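What follows is a set of notes on a single structure, which appears directly below.
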Amino acid sequence: MKFPWTRDLAVLIARVAIGVVLIAHGAQKFFTFGIAGTIDSFAGMGVPVPQAAALFAAVVELVGGAALILGAATPVVGLLVVLNMLGAFALVHLGNGVFVDQGGFELVAALGAGALVLAATGPGAWSVDHLVGRAVASRREVAAPSAI
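Each residue of the sequence shown is one higher than the one before, counting from 124 in my numbering.
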């Protein structure tokens, strides 16, 4: 089934919006707080294995955000973002209610849900994944023997 261009536009907008927010948070962990500061923050919030958790979160957010914007490895990146947001939800934000100004879970829930949708639906036509898929399909057609 072919989707209209509006679906691809909506998916692109979602990828860019989620990606920009993730990049901002990943950059904050790397460059504003530094990994050492992020580890200390995670430890203070009671996150288990804060060294690994801080590095995972920072990389998934910074690199994963860029990958989502490009539409590269979208299903895998989407699931990594979901895992990251589930951890933040369960370990840090759940006990603080909904609202982000009170440390609540609204942002991580929205990012996680959006990433899940992207992982399930794919990146749309305007993406690296789509371009790579077309190139691979084209190579298969050239390499396949003729049925005539």
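Beta carbons: idealized from backbone N, C-alpha and C, even for Gly. Bear in mind that the values here come from a model prediction, so they are computed numbers and not experimental data.
{"Asked": "Supposed close pair G187, V204 - CB separation, criterion 8 Å", "Found": "6 Å"}
{"Asked": "8 Å CB neighbourhood of L145 in its chain, flanking five on each side removed", "Found": "V183, E184, L185, G187, G188, L191, V204 and L234"}
{"Asked": "Reduced DSSP secondary structure (H/G/I, E/B, other) of V99", "Found": "This structure gives no information on residue 99, because the portion of the chain shown stretches from 124 to 271."}
{"Asked": "Coil, strand or helix - S250 by DSSP", "Found": "coil"}
{"Asked": "Reduced DSSP category for P127 - H, G, I as helix; E, B as strand; rest coil", "Found": "coil"}
{"Asked": "Whole-angstrom distance between G210 and G227, CA atom to CA atom", "Found": "13 Å"}
{"Asked": "Proximity of P198 and A242 at Cβ, strictly below 8 Å", "Found": "yes"}
{"Asked": "Environment of A258 [buried if 16+ CB atoms lie within 10 Å]", "Found": "exposed"}
{"Asked": "Neighbour-count burial assignment, F165, 16 or more Cβ in a 10 Å radius", "Found": "buried"}
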